[in-house]
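Be aware that the sequence shown starts at 368, since it is given in my numbering, and climbs by one per residue. Note that CB positions come from ideal geometry on N, CA and C, so glycine has one too. Shown next, in structure tokens, is the structure this report addresses.
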Amino acid sequence: MMQFTPEHVHLMINHLPIVGFGGVIVLLAYSVIRNEPHTLGLGLGAAVVLAIATSLVMWTGEEAHERFMFESVSKFIDDTAPAWIEEHEERAEIAAVAAYATGGVALIGMIAAWFKTKWRRAIGSIVLVMTLATTGLMGYVADAGGKINHPEFRATPTTAPPADASDDDGHEHEHE
């Protein structure tokens, strides 16, 4: 049975902020263009939730990093991984600050938009610009994270297909 480690959880949830903030861009752009308050509220609320999700992604990433540094995980990592792990962590710290700031401004914006309806478009525009920057930074983090190989996830080494799986012309055939 598979046992989930912090690395597994981190890899499962780290796409939430990247994809999520991309969705927030769509919601906020629509709300600004159409001056649509319900979509604005949805976009701002989603930005707040994603800022919270970012803290969970950061926590699981830190746990995975600790296992790499102080436990036996490092013996599985290839030679280039330590540099990419450090680069990934440094980029993530910057992107997380952007995500937290975006979520904080979105939360303040939700409250302000409730009381000052004439500010809605400006609030949406400000958070939209912040979300664009945050999404770009998240992509930059993902670039470094994608270069980290995880051979420790493999319980057994992969094997090549059986020698008789293809005929002389290189075509594969199913065997019964």
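{"Check": "Quick one: give me the first and last residue of the alpha helix (DSSP H) that GLU433 is part of.", "Outcome": "404-437"}
{"Check": "Closest to HIS405 by CA distance: which of ILE515, THR498, LEU417 and GLY491 is it?", "Outcome": "GLY491"}
{"Check": "Measuring straight from C-alpha to C-alpha, what distance separates ARG458 and PHE435?", "Outcome": "18 Å"}
{"Check": "Whether or not the stretch 444-454 and the stretch 502-518 are in contact is what I'm after, with contact meaning three or more pairs of Cβ atoms, one per stretch, closer than 8 Å; do they touch?", "Outcome": "yes"}
{"Check": "Please name the residue in GLU429, ILE452, PHE482 and VAL391 whose C-alpha comes closest to that of VAL496.", "Outcome": "VAL391"}
{"Check": "Within 8 Å, do at least three Cβ pairs link the stretch 407-415 to the stretch 465-475?", "Outcome": "yes"}
{"Check": "For GLU430, tell me which candidate among LEU395, ILE452 and MET477 has the shortest Cα-Cα distance.", "Outcome": "ILE452"}
{"Check": "Within its chain, find whatever has a CB closer than 7 Å to the CB of THR498; leave out the 5 residues flanking it on each side and keep chain order.", "Outcome": "PHE388, VAL391, ILE392, LEU395, ALA414 and THR469"}
{"Check": "Helix, strand or coil for PHE482? Go by DSSP, reduced to three states.", "Outcome": "helix"}
{"Check": "Taking THR501 and ALA450 to be in contact with their CB atoms under 8 Å, please state how far apart those CB atoms are, rounded to whole angstroms.", "Outcome": "Contact flag wrong, Cβ pair sits at about 25 Å."}
{"Check": "With H, G and I counted as helix, E and B as strand and the rest as coil, what does DSSP make of ILE493?", "Outcome": "helix"}
{"Check": "Roughly how many whole angstroms lie between the Cα atoms of ARG487 and ASN402?", "Outcome": "8 Å"}
{"Check": "Between the Cα of VAL399 and the Cα atoms of VAL508, ASP510, THR484 and LEU504, which residue gives the shortest distance?", "Outcome": "THR484"}
{"Check": "Please classify VAL494: is it buried, with 16 or more other beta-carbons within 10 angstroms of its beta-carbon, or exposed?", "Outcome": "buried"}
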